[in-house]
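Below is one structure, written out as structure tokens, with a few remarks after it.
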Amino acid sequence: MEKRSRDFIRETIDSDLASGKHSEIVTRFPPEPNGYLHIGHAKSICTNFGIAREFGGKCNLRFDDTNPVKEETEFVESIKGDVEWLGFKWDNLYFASDYFDRMYLLAEQLIVMDLAYVCDLSPEDTKVYRGFASKPGRNSPFRNRSIEENLDLFHRMKNGEFPEGSRTLRAKIDMASPTMCLRDPAMYRILHRSHHRTGDKWCIYPMYDFAHCLEDSTEGITHSLCTLEFESNRPLYNWYLEKLDIFRSRQIEFARLNLSFTVLSKRFLRKMVEEGLVNGWDDPRMPTLSGLRRRGIPASSIRNFCSIIGLAKRNSTVDIALFEHCIREELNKTAPRVMSILNPVKLVIENYPEDRTEHFDYVVNPEDESAGTRPTPFTRELYIERDDFMEDPPKKFFRMGPGREVRLRYAYLVTCTGIIKDEDGNITEIKCTYDPETKGGNAPDGRRVRGTLHWVSAANSFPVEVRLYDRLFNKGNPLDTEEGEEFTSSLNPDSLAVVTNCMVEDHMGKNKPGFVCQFERKGYFSIDPESTSERMIFNRTITLRDSWKKLKEKKK
RNA sequence: UGGGGCGUCGUCAAAUGGCAAGACACAGGGUUUUGGUCCCUGCAUUUGGAGGUUCGAAUCCUCCCGCCCCAGCCA
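Under our numbering, the first residue of the first sequence carries the number 186, and numbering increases by one thereafter.
As structure tokens, then:
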């Protein structure tokens, strides 16, 4: 484990442990099951589960399912799968809805304490009575009902005697408070909706502020970690726990993750899914965990990324290049190398016997000696990458060109002797001769060859489909839009390019979806779940760094 | 506007009154049978600004400026 300076949350926990305030740390990850998890949630998951693990404590997975109109079972299943995939195990699996009975009782208790009342104001009037930030609100005309009446009304709310929106249960706090959420916040609203877990048992549902602190408290959560936008809710969080005199969980807020060149908001991700701008929540271009997983990104690189970015209270946007770095770093160490030709052109070695096949030792992963070598077949007819040849190459281009000698990786040095074109001028074949003295790729006379090309044997390869993904947006901050413009206007039209008839080595046929490898000189690729034995599909997880491309672009 | 937060390199982010870490990005160079990896080198005389306290300030004090959050019967 590398040494990192501690963040403010871990420091707080350190001192809570040192002071004896707590002897065991309990955290929780509390998603609302109304969408798929994305990499922003990964930061929260890694924080909550990571801290529990580091301090030898516990972390619960708890679904905050207090709003039946937006929540679905589909999402709870995907969320569980995502958390597990990320590499974490929850100590307990809970649902806020498990606590509905207890919450109801606690609400009654507040009524009895004259700290809550049933309010008949319409949503519109409630808003009017609330006042403004700079202007105090006015008390609801229903604020002084008797405890008995409140109890009765609340009971009847629960029994479904009133229509949706007609009444709420409100905490009696202070309509003049400069903290807006203390101006008699709603605790319960009437919703004649069936809930994904409790069915039609309830027609009143608790509001977030009332519910969340109770959930934390009943689970004995010591440190309730959440994002900055809940900072202003903290006084209310504390108010409920204090008035009810139950276990005081402590809420601590940290800055949520923002990532450049993408968007991390359930609302916008949902919009892209619903409008068909992407192919579902698990589209490999999506920043969702299911999308990243499908793309071939290892969970470990996401975890590492989350640890590198740190935890602080300052709003910030992490450069997606840092995430890409974490992906490459991991894959470089672990991905087996393979030679695949994305855009093939035939290369014929004129002086190589037609009936001959040689096998060369191929290093599976130069970063991992234990991965060993494997034999790879070499024949007279090969495929090479079309852009590894230029008819009129510039001096800095050290790949193939007329009369040029290059190395075929692990095989021989070959010299280009000519090309064949079709009537449209497209190159259909490149001819060359090989030097039999250079077997393995080195010349006995010591002559230097700068270019090394990858290749596949035409007779020992088969065509596959490859999906080349790029950044989803071509603007650093897609949300920074012009007047009347939507964030979708900066969607990158080239974020997906489907290429068919790419040639891969025969042995690749035995691999299954999820398999990740490096196509040498091209990038990391993984087998898509849609892949079949008839039609293999590879997703480009990420390109290799490409200083040649950078050089070319700089020239322009 | 009332309240709550936050300002340290292009981007994240340390430094907790003692002489501005690190990572990514970027720029050079070296090694290389992946234009990959790896290895060197450079990259904030200054911490939003102005004053003040101090031998000494990113850290403490004052004022100012900027950005974010709250005014759902969402979470």
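Think of the CB as a built atom: it goes at the ideal place given N, C-alpha and C, for glycine as much as any other residue. Computed from a prediction, not measured in an experiment: that's the story for all the values here.
The C-alpha of V261 lies about 59 Å from the C-alpha of R589. F248 is positioned such that its CB atom lies no closer than 9 Å to that of F234. Around the C-beta of E539, fewer than 16 other C-beta atoms lie within 10 Å, and the residue is accordingly described as exposed.
Where Y654 is concerned, the enclosing beta strand (DSSP E) starts and stops at S646 to Y654.
DSSP links C601 through a beta bridge to C617. In this structure, the straight-line span from the alpha carbon of V530 to that of Y221 is close to 42 Å. Residue L598 holds the alpha-carbon nearest to the alpha-carbon of R635 among K206, L598, L657 and D609.
Relative to H639, the option among L657, V651 and R594 whose CA is nearest is R594. Rounded to the nearest whole angstrom, the C-alpha separation of K518 and G316 is 59 Å.
The Cβ atoms of T685 and G708 do not sit closer than 9 Å to each other. In the three-state reduction of the DSSP assignment, G225 falls in the helix class. Residue F658 holds the alpha-carbon nearest to the alpha-carbon of L676 among I236, F658, R435 and G699. Looking from the CA of E333, the closest CA among V297, L462, R323 and R470 belongs to V297. Sequence-distant Cβ neighbours of D572 in its own chain, meaning closer than 7 Å and more than five residues away, are N528. Cβ neighbours of V683 within its own chain (closer than 6 Å, five residues either side excluded): R652. By the beta-carbon neighbour count (other beta carbons within 10 angstroms, threshold 16), N329 is exposed. Collapsing the DSSP output to three states places M288 in a helix.
Distances from the alpha-carbon of K428 to those of K695, A644, F545 and I358 put I358 closest. For I727, the enclosing beta strand (DSSP E) begins and ends at I722 to T728. Scanning R720, R419 and H340 for the CA closest to the CA of P648 turns up R720. Where G322 is concerned, there is no enclosing alpha helix (DSSP H), because DSSP gives it neither an H nor an E. Here C411 has Q436 and E438 as same chain residues with Cβ atoms under 7 Å from its own Cβ, once five neighbours each way along the sequence are excluded. Rounded to the nearest whole angstrom, the C-alpha separation of S646 and A484 is 31 Å. Between T564 and Y547, the C-beta gap is not smaller than 9 Å, which leaves the two residues out of contact. When the Cα atoms are used, P420 and A361 turn out to be separated by approximately 15 Å.
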